[in-house]
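Undergrad: Position 283 of the sequence shown, counting from 1, maps to 283 under the numbering used here, and the rest follow consecutively. Cβ atoms here follow ideal geometry from the backbone N, Cα and C, with glycine treated the same way. Here it is, the structure in full.
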Amino acid sequence: MITTTAPDTIAVARSLRAEIAAYAEDAERQRRLPDGLLALLRKHELMAGMARPIDRGGLGLDLITTMRTVEEISTADASTGWCVAIDSQSIGTIPLREDVAREVYKRGSSVCGVGNPTGRAIPVDGGFRLSGRWAYASGSRHSQWIGLGCVVFDGDKPRLTASGAPEMRMCVLPIGDVEILDTWIVSGLRATGSNDIAADSVFVPEERTAAIALGSSPQADGAYRLPMFTLFGLALVTVALGAARHAIDEFVALAQGKTPMLQGTKLRDKPVVQYEVARAEGILEAGRAYLYAAVAELQDRASHEGEIDLALKAKVKLACTVATDCSLQAVEIAYRLGGGTSNYETSPLQRCMRDVHAVTQHFAVAASNYETVGRVLLGLDPGTPLI
């Protein structure tokens, strides 16, 4: 029985922020979410496929509720928010056959994946033999299933579709069928367990594969029929917003008591600090407001079965990029204002700085998206299907 309702996940996440934050240092040391933290999240249904449809074992929450919940969690710890975003399935579900989907996406099951088709699938009787290596499998250490992108090969050559493009498929495997390589030794988002994955001629039944579609899922309806790459940015941008909120709040707390060396006034009493902290707050809230306004328009269009046209996809892509950019600016202001204190590992400000920079490196919210959207605004082809 599903007990969590749409407003509850946001309030629950907010109420758990102190408990989530208490795990942050241990999570960084382990480079994954600790078992105690996972148990806490699962107990409160924050790792229950929030945006996954109910018939896929999830809570069926709308995009904005899911995003705001991830934002609250990310305010406590960005790595935890990132993992919850991946688990929420707000990037969409793989369109598997109904009985297979019920097995993979059952209640309480975590599914991670890598869409980049860096693997090779060789057709065999009843399915495929999958080999390859995939990077950035966030949540790999706590997931039960993993979806891996691949190119289908006939002999030594890629199989081509009717359009002449290589045939790409997602192959879904139990996590025990692949090797998790301990490669996630990084600066930011350390606790996400985003390791590399390796497979060597692993059999995958035909029914546990699906064509990779750049558009929406053919099985989806309402808000869940949104294009995959539109959803991707929405899943991750709120992690940046949460990290920025954390940084500003942390600095405000620091400024109440810190008196810089050889100065007679506390940070909070310095006019330049007052000016800069207000600027950081305004930048963050401006980016956040633009994001949620664009998502509200997107969600309304999808729920009324309106066309998700290129102009709207570009608007949402721009909003995700702007909100991430604004988050980065806000964190950098807070970090700079913290002075030497910010540089210590004991200061959450340095973790916020590392984490928000890690978010900006993801293609879904990276600054390179400005060029893509600019092309659309100028009446040109976007130059990429990743929109």
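Thinking C-alpha only, which one of Val-152, Ser-327, Ser-110 is nearest Pro-174?
TA: The residue you call residue 174 lines up with position 174 of the sequence shown. Residue Ser-110 is the option with its Cα nearest to Pro-174.
Undergrad: Taking C-beta to C-beta, are Thr-118 and Gly-139 nearer than 8 angstroms?
TA: What you label residue 118 is simply residue 118 of the sequence shown in a count that begins at 1. What you label residue 139 is simply residue 139 of the sequence shown in a count that begins at 1. It is not a contact, given that the beta carbons lie outside the stated cut-off.
Undergrad: Could you tell me which residues DSSP puts in a beta bridge with Cys-171?
TA: Sequence index remark: in the sequence shown, residue 171 carries index 171 (1-based). The partner list for Cys-171 (beta bridge, DSSP) reads Leu-148, Thr-209.
Undergrad: Could you name the residues of the same chain whose beta carbon sits closer than 7 angstroms to that of Gly-126, not counting the 5 residues immediately before and after it, in chain order?
TA: Mapped onto the sequence shown, residue 126 falls at position 126. Cβ neighbours of Gly-126 beyond the five flanking positions: Pro-205, Glu-206.
Undergrad: Suppose you measure from the CA of Met-353 to the CA of Thr-265; what does that come to, to the nearest Å?
TA: As a first step, residue 353 is located in the sequence shown; it is residue number 353 there, counting from the start. As a first step, residue 265 is located in the sequence shown; it is residue number 265 there, counting from the start. Cα to Cα, the separation comes out at about 26 angstroms.
Undergrad: Out of Ser-163, Pro-95, Cys-112, Ile-197, point me to the one whose CA is closest to Ser-88's CA.
TA: Working through the sequence shown from its first residue, we reach residue 88 at position 88. For the residues Ser-163, Pro-95, Cys-112, Ile-197, the minimum Cα distance to Ser-88 belongs to Cys-112.
Undergrad: Return the chain-ordered list of same chain residues with a C-beta closer than 8 angstroms to the C-beta of Ala-311, the five sequence neighbours on each side being excluded.
TA: Mapped onto the sequence shown, residue 311 falls at position 311. Answer for Ala-311: Val-376, listed in chain order.
Undergrad: For Ala-76, count the other beta carbons within 10 Å of its own beta carbon; 16 or more makes it buried, fewer makes it exposed. Which is it?
TA: What you label residue 76 is simply residue 76 of the sequence shown in a count that begins at 1. Ala-76 is buried by the Cβ-count criterion.
Undergrad: With a CB to CB cut of under 8 angstroms and the five nearest residues on each side skipped, what residues in its chain are close to Arg-208?
TA: For the purposes of this step, residue 208 is taken as the residue at position 208 of the sequence shown. Within the same chain, Arg-208 has close Cβ partners Leu-96, Val-100, Val-104, Gly-127, Cys-171, Val-172, Leu-173.
Undergrad: For Gln-274, I'd like the list of residues in its chain whose CB is within less than 8 angstroms of its CB, leaving aside the five on either flank, ordered along the chain.
TA: Here residue 274 refers to the residue found at position 274 of the sequence shown. Here the set comprises Arg-268.
Undergrad: As an exercise, report each continuous alpha helix (DSSP H) stretch of at least 4 residues that is fully enclosed by the region 96 to 153, in chain order.
TA: With a minimum length of 4 residues, the continuous alpha helix (DSSP H) runs that stay inside the region 96 to 153 are 98 to 104.
Undergrad: Ignore the nearest five residues each way along the sequence and tell me which others in Ala-255's own chain have a CB closer than 6 angstroms to its CB.
TA: To locate residue 255, count along the sequence shown from 1; it is residue 255. Only Leu-267, Arg-268 meet the Cβ criterion.
Undergrad: Looking at C-alpha atoms only, which residue of Ala-27, Ala-367, Ala-51, Met-67 is the closest neighbour of Leu-291?
TA: The residue labelled residue 291 in the question sits at position 291 within the sequence shown. Checked all of Ala-27, Ala-367, Ala-51, Met-67; the closest Cα to Leu-291 is Met-67.
Undergrad: What are the start and end residues of the alpha helix (DSSP H) that includes Leu-40?
TA: As a first step, residue 40 must be located in the sequence shown, where it is residue number 40. Note, Leu-40: alpha helix (DSSP H), 35 to 43.
Undergrad: For the candidate residues Thr-93, Ala-243, Ala-210, Ala-253, whose alpha-carbon lies nearest to that of Leu-189?
TA: Translated into positions along the sequence shown, residue 189 becomes position 189. Out of Thr-93, Ala-243, Ala-210, Ala-253, Ala-243 has the C-alpha closest to the C-alpha of Leu-189.
Undergrad: Take the Cβ of Gly-81 as the centre, count every other Cβ of all protein chains shown within 10 Å, and call the residue buried at 16 or more, exposed below.
TA: Position 81 of the sequence shown, counting from 1, holds the residue named residue 81. Under this definition Gly-81 is a buried residue.
Undergrad: Three Cβ pairs or more, each shorter than 8 angstroms: is that satisfied between the region 275 to 282 and the region 328 to 341?
TA: In short, these stretches touch, since the Cβ pair count reaches three.
Undergrad: By how many angstroms is the C-alpha of Cys-320 removed from the C-alpha of Ala-211?
TA: In the sequence shown, the residue the question calls residue 211 occupies position 211. In the sequence shown, the residue the question calls residue 320 occupies position 320. Using only the alpha carbons, I get a separation of about 27 angstroms.
Undergrad: Between the alpha carbons of Ser-368 and Met-50, how many angstroms are there, rounded?
TA: Position 368 of the sequence shown holds residue 368. Position 50 of the sequence shown holds residue 50. For Ser-368 and Met-50, the distance between alpha carbons rounds to 29 angstroms.
Undergrad: The alpha helix (DSSP H) with Glu-283 in it runs from where to where?
TA: Position 283 of the sequence shown holds residue 283. Contrary to the premise, residue 283 reads as Ile rather than Glu in this sequence. Looking at the DSSP string, the run of the alpha helix (DSSP H) that includes Ile-283 is 271 to 303.
Undergrad: Consult DSSP for Ser-201 and reduce its assignment to one of helix, strand or coil.
TA: To locate residue 201, count along the sequence shown from 1; it is residue 201. The answer is strand: DSSP assigns Ser-201 an E or B state.
Undergrad: Tell me, to the nearest whole angstrom, how far the beta carbon of His-246 is from that of Gly-193; I am working on the premise that it is less than 8 angstroms.
TA: As a first step, residue 246 must be located in the sequence shown, where it is residue number 246. As a first step, residue 193 must be located in the sequence shown, where it is residue number 193. Not quite, the Cβ-Cβ distance comes to about 21 angstroms (not below 8 angstroms), so this is no contact.
Undergrad: One question on the structure: do Thr-372 and Thr-384 come within less than 8 angstroms of each other, judged by their Cβ atoms?
TA: On the sequence shown, residue 372 is found 372 positions in, with the first residue counted as 1. On the sequence shown, residue 384 is found 384 positions in, with the first residue counted as 1. Cβ atoms of Thr-372 and Thr-384: closer than 8 angstroms.
Undergrad: To the nearest angstrom, how far is the alpha carbon of Tyr-23 from that of Asn-195?
TA: Here residue 23 corresponds to residue number 23 of the sequence shown, with the count starting at 1. Here residue 195 corresponds to residue number 195 of the sequence shown, with the count starting at 1. Rounded to the nearest angstrom, the two C-alpha atoms are 20 angstroms apart.
Undergrad: In the structure shown, what three-state DSSP assignment does Pro-382 receive?
TA: Mapped onto the sequence shown, residue 382 falls at position 382. Three-state result, Pro-382: coil.
Undergrad: Determine which residues share a DSSP beta bridge with Glu-179 and list them.
TA: For the purposes of this step, residue 179 is identified with residue 179 of the sequence shown, where counting begins at 1. Per DSSP, Ala-198.
Undergrad: Return the CA-CA distance between Gly-155 and Met-228, expressed in angstroms with no decimal places.
TA: Locating residue 155 in the sequence shown gives position 155, where the first residue counts as 1. Locating residue 228 in the sequence shown gives position 228, where the first residue counts as 1. Spanning the two alpha carbons is a distance of roughly 30 angstroms.
Undergrad: Can you give the Cα-Cα distance for Glu-45 and Ala-366, rounded to whole angstroms?
TA: As a position in the sequence shown, residue 45 is number 45, starting the count at 1. As a position in the sequence shown, residue 366 is number 366, starting the count at 1. Looking at the two C-alpha atoms, the distance is approximately 30 angstroms.
Undergrad: Please name the residue or residues paired with Pro-260 in a DSSP beta bridge.
TA: As a first step, residue 260 must be located in the sequence shown, where it is residue number 260. None, per the DSSP bridge assignment.
Undergrad: Distance check for Glu-297 and His-304, CA to CA, integer angstroms please.
TA: For the purposes of this step, residue 304 is taken as the residue at position 304 of the sequence shown. For the purposes of this step, residue 297 is taken as the residue at position 297 of the sequence shown. Distance between the alpha carbons of His-304 and Glu-297 is about 11 angstroms.
Undergrad: Can you tell me whether Pro-218 is helix, strand or coil according to DSSP?
TA: The residue given as residue 218 occupies position 218 in the sequence shown. With a pLDDT of 40 at Pro-218, under the threshold of 50, the modelled position of this residue cannot be trusted, and the question is left open.
Undergrad: Is Ala-137 near Ile-185, with beta carbons less than 8 angstroms apart?
TA: One-based indexing of the sequence shown puts residue 137 at position 137. One-based indexing of the sequence shown puts residue 185 at position 185. Not in contact: Ala-137 and Ile-185 (Cβ atoms no closer than 8 angstroms).
Undergrad: Given a cut-off of 8 angstroms on the beta-carbon distance, is the pair Glu-28 and Ala-240 in contact?
TA: By one-based count along the sequence shown, residue 28 stands at place 28. By one-based count along the sequence shown, residue 240 stands at place 240. No, Cβ-Cβ distance for Glu-28 and Ala-240 is not below 8 angstroms.
Undergrad: Quick check: what's the CA-CA separation for Asp-309 versus Val-295?
TA: Walking along the sequence shown from the start, residue 309 turns up at place 309. Walking along the sequence shown from the start, residue 295 turns up at place 295. Approximately 14 angstroms between the Cα atoms of the pair.
Undergrad: Using the rule of at least 16 other Cβ atoms within 10 Å of the residue's Cβ for burial, across every protein chain shown, is Gly-233 buried or exposed?
TA: Against the sequence shown, residue 233 aligns to sequence position 233. The residue is buried, with at least 16 neighbouring Cβ atoms inside 10 Å.
Undergrad: Based on the DSSP secondary-structure assignment, which residues constitute the bridge partners of Leu-160?
TA: Along the sequence shown, read from residue 1 onward, the residue named residue 160 stands at position 160. DSSP output for Leu-160 lists Pro-166 as bridge partner(s).
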